[in-house]
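Taken in order, these protein sequences are the chains called H and X.
Just so we're aligned: 127 in the working numbering is position 138 of the first sequence, and the numbers increase by one with no gaps anywhere.
Quick note, the working numbering runs 126 ahead of the 1-based positions in the second sequence.
Beta carbons are placed, not taken as given, at the ideal position from N, Cα and C, and that holds for glycine.
To start, the structure itself, in structure tokens.
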Amino acid sequence: MKMKIFRDYIISSLAISMLIIFWVFCIDAFFYNMWSNFKVIMSIVIFAFIICLMQSAINLALDNRPIISMLLEYAVVVILFFCFGIKFNWYSKGSEWFVFIYTIPVYAAGYLLRLIGVRKDANYINIKLSERKKRKVQETESNN
Amino acid sequence: MDIILVEDKESDLEVQIRYQIMNAQVQQLIQRIKSVDVKIVGSDNGEETVLNIYDIFYIESIERKTFIYTKDQIFRSSKKLYQLLDELKEFGFVQINKSCIMNIDVLDSVKTLFNSKLKATLINGENVIITRTYIPAIKKWLDGEADLYENENF
């Protein structure tokens, strides 16, 4: 329960900080004509939006193929980052290999966080299942 | 628990449960009685069988065909997976991935797989995959059942 509150707190504070960043750069762009920063923010927002959309689509389509879906997920992240990088100048020309420097740590961190979450879920389910088994044994004994 | 049987040729089949307090045992009894009305038909080599829903371990849809797995048999169903889920969800069946629903009663343990999925081991030793999207449904079901017992003890 405490972890859930902490997680919700982190998520909401991150969402609010994203909103503030977006709004500040929005004002800069419209009032002070500073469009370059706004474009960077917008490109990141669109990138994140597409990544999440693609991830959901891959999970839905390749639900029972964990290895393929994981590889495809990473391939999509790299390809999209490569395309966005060229379009919005995220890295200089000739430094395309930077794609991997950017994506591997972020993807690995995301993967680890997800894995930790699922591991906790697995522990929780196993605890509930063992409690359930104990209850069944008790019920059987009391009926006898 | 006493069972009173009354033969009345003029009335329909009626089950009356008299209880002191609504607890998990009464709930289970209600579920068991309700399950009598649910007819799940499976066919094995053209021979149709009415299955007891508590004998079903899991139901899987493969290439738009629905298969019902019991402890050691496989039956084909003419119904779609979502239709079966609708009929069975109140009896402890939950969706565990896009193409599979499982009877929680037969779940023995779970183990983490890479790519944030769970490998569920059933009481007959078989394994099925639980995807991340459907983990909350399983937790919710187990929590709901545990709450019933806690309320009873309280």
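Q.
I need the boundaries of the beta strand (DSSP E) containing V254 (chain X), first residue and last residue.
A. N253 to I256
- Item | 6 Å CB neighbourhood of V34 (chain H) in its chain, flanking five on each side removed | none
- Pick out whichever of H:K28, H:F14, H:M23 and H:E120 has its Cα sitting closest to the Cα of D231 (chain X). When the alpha-carbon of D231 (chain X) is set against those of H:K28, H:F14, H:M23 and H:E120, the nearest one is in H:E120.
| said: I need the straight-line Cα distance from I179 (chain X) to L210 (chain X), nearest angstrom please. | reply: 11 Å
Practice task
Per DSSP, which residues does E85 (chain H) bridge with? Please list them.
Solution key: E85 (chain H) is not bridged by DSSP to any residue.
Take L248 (chain X) as the anchor and find which of X:D198, X:S225, X:D269 and X:K265 has the nearest alpha-carbon. X:D198
### Query
chain H partners of K266 (chain X), CB-CB under 9 Å?
None at all; the shortest Cβ gap to chain H is about 11 Å.
- Task: In the DSSP assignment, find the beta strand (DSSP E) that holds I188 (chain X) and state where it starts and stops.
- Result: I182 to I188
Span separating the alpha-carbon of Q153 (chain X) from that of T129 (chain H): 16 Å
inquiry  = One question on the structure: do V107 (chain H) and R258 (chain X) come within less than 8 Å of each other, judged by their Cβ atoms?
reply    = yes
Element boundaries [beta strand (DSSP E), containing R202 (chain X)]: I200 to S203
So, helix, strand or coil for I318 (chain X), using DSSP? The first residue shown for chain X is 127 and the last is 280, placing residue 318 (chain X) beyond what the model contains.
- From V167 (chain X) to R158 (chain X), what distance separates their C-alpha atoms? 18 Å
Notebook entry, point to check: Looking only at its own chain, which residues have a Cβ that is under 6 Å from the Cβ of S25 (chain H), when we skip the five neighbours before and after it?
Noted result: none
field: Contacts that K237 (chain X) makes with chain H (C-beta to C-beta distance below 9 Å)
entry: A111 and N115
Problem - Per-residue DSSP class, three states only, for I166 (chain X) - result: strand
Would you mind sorting K266 (chain X) into buried or exposed? The rule is 16 or more other CB atoms within 10 Å of its CB.
-> Exposed, since its Cβ has fewer than 16 Cβ neighbours within 10 Å.
- Query: So is F183 (chain X) in contact with chain H if we call contact Cβ pairs under 8 Å?
  - Reply: no
### Task
Confirm, please, whether the CB-CB distance from S242 (chain X) to R103 (chain H) is below 8 Å.
yes
Do the region 206 to 222 of chain X and the region 82 to 101 of chain H touch if we need at least three Cβ pairs shorter than 8 Å?
-> no
**Asked** Considering F240 (chain X), what are the terminal residues of the alpha helix (DSSP H) in which it resides?
**Response** Per DSSP, F240 (chain X) belongs to no alpha helix (DSSP H) and is neither H nor E.
By DSSP, does E133 (chain X) sit in helix, in strand, or in coil? coil
_On the DSSP letters alone, give me the boundaries of the alpha helix (DSSP H) that Y195 (chain X) sits inside._
No alpha helix (DSSP H) holds Y195 (chain X); the beta strand (DSSP E) holding it covers K191 to T196.
Open item on the list: Could you give the first and the last residue of the continuous beta strand (DSSP E) run that contains V152 (chain X)?
Closed with: No beta strand (DSSP E) holds V152 (chain X); the alpha helix (DSSP H) holding it covers A150 to S161.
query: Taking buried to mean at least 16 other C-beta atoms within 10 Å of its own C-beta, is L244 (chain X) buried or exposed?
result: buried
If the cut is a Cβ gap below 7 Å, which residues of chain X does R(-4) (chain H) touch? Going along chain X, no residue has its Cβ under 7 Å from R(-4) (chain H), so there is no contact; the nearest lies around 14 Å.
query: How would you write the range of the alpha helix (DSSP H) that V29 (chain H) sits in, first residue to last?
result: W24 to A50
Q) On the three-state DSSP scale, how would you describe L139 (chain X)? A) coil
Item to check | Whole-angstrom distance between E216 (chain X) and I147 (chain X), CA atom to CA atom | outcome: 21 Å
Just to make sure I have the definition right: I need the residues of chain X whose C-beta is within less than 8 Å of the C-beta of V107 (chain H). Which are they?
Simply T238, S242, K243, L244, R258 and I261.
Determine, using beta carbons only, whether L118 (chain H) comes closer than 8 Å to chain X. yes
Please state whether DSSP places L60 (chain H) in a helix, a strand or coil.
helix
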